[in-house]
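Down below is the structure, laid out as structure tokens.
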Amino acid sequence: MPLTACALRIQLPHTLNEDRFMTTPDWDSARAQFPTLQKKIYLNSCSLGLLSRRSRDALNKYMDLWEEKGAAAWYVEWFAEMEDLREQFARLINASADEIAIMPSISASLAAISSSIDLQEGDQLVTGELDFPTVAHGFHAKARSGVETTVVRSDDRVMVSPEQFEQAISERT
């Protein structure tokens, strides 16, 4: 299984009511999936969240397949895993699987997209103040080519509304 798919397969334990609808998450079971939480409180999840037992198991499976099959693991196992993941996520968001790209992070995704566009001097990229910092860093790096980055500010430090983004978008965006 490719590393990018491992993280998306973590499921939060929960309780089900008699109709089998999810009710309250089972936080103790969720915490038990993360051995580090047995020793400390961990709040630094912005770039590198804790490794869960399920993720470690998936990584071990990935390494075993790589060791056993070499590059053939891509064609025999991992491409099928990625396609399955793409189809599952497409169903979740009511999209088509061919509309889903699997990337390691939002920052990497936006960097790939912005790098594939022929941006010219005077063009504009828009990001939100509350977006993960590497999004804006990647956009600001294009300033040396004359591309402007507009950072939409949050009024309440909780969210940036779609209307605020809409107001920031121009003919140059």
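All residue numbers for the sequence shown refer to our numbering, where the first residue is 102 and numbers rise by one. Just so it is clear, CB atoms sit at the ideal spot from N, CA and C, and this is done for glycine as well. Here the structure is a predicted model, which is why all the values come from computation and not from measurement.
Candidates P263, A196, R132, V248: which alpha carbon is nearest E230's? Along the sequence shown, one-based indexing puts residue 230 at 129. Ranking P263, A196, R132, V248 by Cα distance to E230 puts P263 first.
Any chance the stretch 153 to 169 sits against the stretch 243 to 251, with 3 or more Cβ pairs inside 8 Å? no
Presumed contact (8 Å Cβ cut-off) between A174 and L186, rounded CB distance: As a first step, residue 174 must be located in the sequence shown, where it is residue number 73. As a first step, residue 186 must be located in the sequence shown, where it is residue number 85. Contact doesn't hold; Cβ gap of about 16 Å is too wide.
Alpha carbon to alpha carbon, how far is V227 from V261? Give it in angstroms, no decimals. Taking the first residue of the sequence shown as 1, we reach residue 261 at position 160. Taking the first residue of the sequence shown as 1, we reach residue 227 at position 126. Each residue's alpha carbon lies about 12 Å from the other.
Neighbour-count burial assignment, C107, 16 or more Cβ in a 10 Å radius: Within the sequence shown, residue 107 is the residue found at index 6, counting from 1. Caution is warranted here: a pLDDT of 39 is assigned to C107, below 50, making its placement in the model unreliable, and the coordinate value is therefore given only provisionally. It counts as buried.
Here's a check: name, in chain order, each residue in its chain whose Cβ is nearer than 7 Å to the Cβ of E188, leaving out the five neighbours to either side. Your numbering for residue 188 matches position 87 in the sequence shown. Taken in chain order, the residues that qualify are A198.
CA-CA distance, E168 and R132? Along the sequence shown, read from residue 1 onward, the residue named residue 168 stands at position 67. Along the sequence shown, read from residue 1 onward, the residue named residue 132 stands at position 31. In a straight line, the C-alpha of E168 is about 31 Å away from that of R132.
I need the DSSP call for T235, collapsed to helix, strand or coil. On the sequence shown, position 134 is the one that residue 235 refers to. Here T235 sits in helix by DSSP.
Give me, in chain order, the residues of the same chain whose beta-carbon lies closer than 7 Å to that of Q134; leave out the 5 immediate sequence neighbours on both sides. Locating residue 134 in the sequence shown gives position 33, where the first residue counts as 1. If we look at Q134 and ignore the five residues flanking it on each side, its Cβ neighbours are S153, R154, R155.
For V248, which of helix, strand or coil comes out of DSSP? Within the sequence shown, residue 248 is the residue found at index 147, counting from 1. Three-state result, V248: coil.
Whole angstroms is fine: what's the gap from S210's alpha carbon to A191's? Here the question's residue 210 lines up with position 109 in the sequence shown. Here the question's residue 191 lines up with position 90 in the sequence shown. Rounded to whole angstroms, S210 to A191 spans 17 Å at the Cα level.
Close beta carbons around K170, own chain, < 8 Å, minus the five adjacent residues each side: On the sequence shown, residue 170 is found 69 positions in, with the first residue counted as 1. Only V177, E178 meet the Cβ criterion.
Classify Y143 as buried or exposed, calling it buried when 16 or more other Cβ atoms lie within 10 Å of its own Cβ. As a working note, residue 143 is residue 42 in the sequence shown. Classification of Y143: exposed, given that the 10 Å Cβ count is below 16.
Just checking my contact of T251 with A237 at CB under 8 Å: how many whole Å lie between their CB atoms? The residue you call residue 251 lines up with position 150 of the sequence shown. The residue you call residue 237 lines up with position 136 of the sequence shown. Rounded to whole angstroms, the Cβ separation of T251 and A237 is 10 Å, and the two are not in contact under 8 Å.
Helix, strand or coil: how does DSSP classify V227 here? Taking the sequence shown and counting its residues from 1, the one referred to as residue 227 is at position 126. Note: V227 maps to strand in three-state DSSP.
For the alpha helix (DSSP H) that F190 lies in, which residues bound it at each end? The count along the sequence shown starts at 1 and reaches residue 190 at position 89. Counting along the chain, the alpha helix (DSSP H) containing F190 begins and ends at 180 to 193.
Between which two residues does the alpha helix (DSSP H) harbouring L166 extend? Taking the first residue of the sequence shown as position 1, residue 166 is located at position 65. Here the alpha helix (DSSP H) through L166 covers 154 to 170.
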